[in-house]
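Right, one structure below, let's go through it.
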Amino acid sequence: MPLYTITHTTPLSSTKKDKLASALTTLHATKFTTPKMFVNVRFVNADHSRIDTYVAGKSTEGKDNNYLEAHVRAGAERPKELFDELAEEMVKIWEDVVHHDSIRVFIYGSILSGHEYGFPIPAAGKDQEWMRQNLSAFESRADEGDEVMQDLVAEIKERKLLD
């Protein structure tokens with residue numbers, strides 16, 4: 001449901017990308033009730049893309065230029081303070097994994113609607129209700145051998161997301 005995009009000039013090995021993706025996925029899934037399979041993380045190497053960034057009206061070309069952007073579902077159940085905490089934790093993850101403090105974090109409450117794995121995504125704060133409504137469909141697809149749904153059903157049970 002959320003989309004985390006890391007645009008970076010700092011070199012990131014596959015191992016660091018794996019660690020960042022795993023840590024951001026766990027962070028989002030535990031801060032909210034989002035199953036991990038719906039947390040999307042992508043990396044954009046700004047050195048290999050034509051991305052021109054300016055800060056204070058000046059080009060950042062040749063300088064460290066790292067951004068971590070999160071597109072999330074906002075709602076009344078998710079106050080600004082919760083996203084402030086999320087931003088701080090995102091910075092800590094970057095610093096712990098990359099050992100570099102040059103990161104800018106932006107969180108956008110911009111996801112109004114979406115569709116993943118054949119299901120419309122729920123409104124912010126409605127994950128449990130949505131999981132209850134769709135659990136039989138998840139289980140049916142899992143029983144038919146859908147590995148993604150098998151993982152989802154297992155996670156719902158392991159994390160007790162419906163308790």
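Under the UniProt record's numbering, the sequence shown has 3 at position 3, and the numbering climbs by one with no breaks.
Quick reminder that beta carbons are idealized off the backbone N, C-alpha and C, glycines included.
This structure is a prediction, so every number in the text was calculated from the model and none was measured.
Compute the Euclidean distance between the alpha carbons of residue 114 and residue 20, then round it to the nearest angstrom.
Roughly 24 Å between the two C-alpha positions.
Where residue 64 and residue 39 are concerned, what is the direct C-alpha to C-alpha distance, given to the nearest angstrom?
Rounded to the nearest angstrom, the gap between the Cα atoms of residue 64 and residue 39 is 26 Å.
Secondary structure at residue 25, three-state DSSP: helix, strand or coil?
helix
Same chain, Cβ closer than 7 Å to residue 107, neighbours up to 5 away in sequence not counted
70, 72, 83, 86 and 87
Pull up the CB-CB distance for residue 102 and residue 66, whole angstroms please, since I reckon it's below 8 Å.
5 Å
Near residue 119, what residues of its chain come up, given a Cβ to Cβ distance below 7 Å and the 5 sequence neighbours on each side ignored?
134
Which residues in the same chain have their Cβ closer than 7 Å to the Cβ of residue 89, if we skip the five residues on either side of it in sequence?
27
Following the continuous alpha helix (DSSP H) through residue 156, name the residue where it begins and the one where it ends.
147-158
Please state whether the Cβ-Cβ distance between residue 164 and residue 44 is less than 7 Å.
In the structure displayed, the chain extends from 1 to 163; residue 164 sits before or after that span and is not available.
Just tell me which of 145, 78 and 94 has its CA closest to the CA of residue 22.
94
Residues in its own chain within less than 7 Å of residue 140 by CB, not counting five upstream and five downstream?
none
Return the first residue and the last residue of the alpha helix (DSSP H) that residue 98 is part of.
Counting along the chain, the alpha helix (DSSP H) containing residue 98 begins and ends at 80-98.
So residue 3 is in the beta strand (DSSP E); what residue range does that whole segment cover?
3-8
Put residue 134 into one of helix, strand or coil per three-state DSSP.
helix
C-beta atoms of residue 124 and residue 78 nearer than 7 Å:
yes
Residue 107 lies in the beta strand (DSSP E); which residues open and close that run?
104-108
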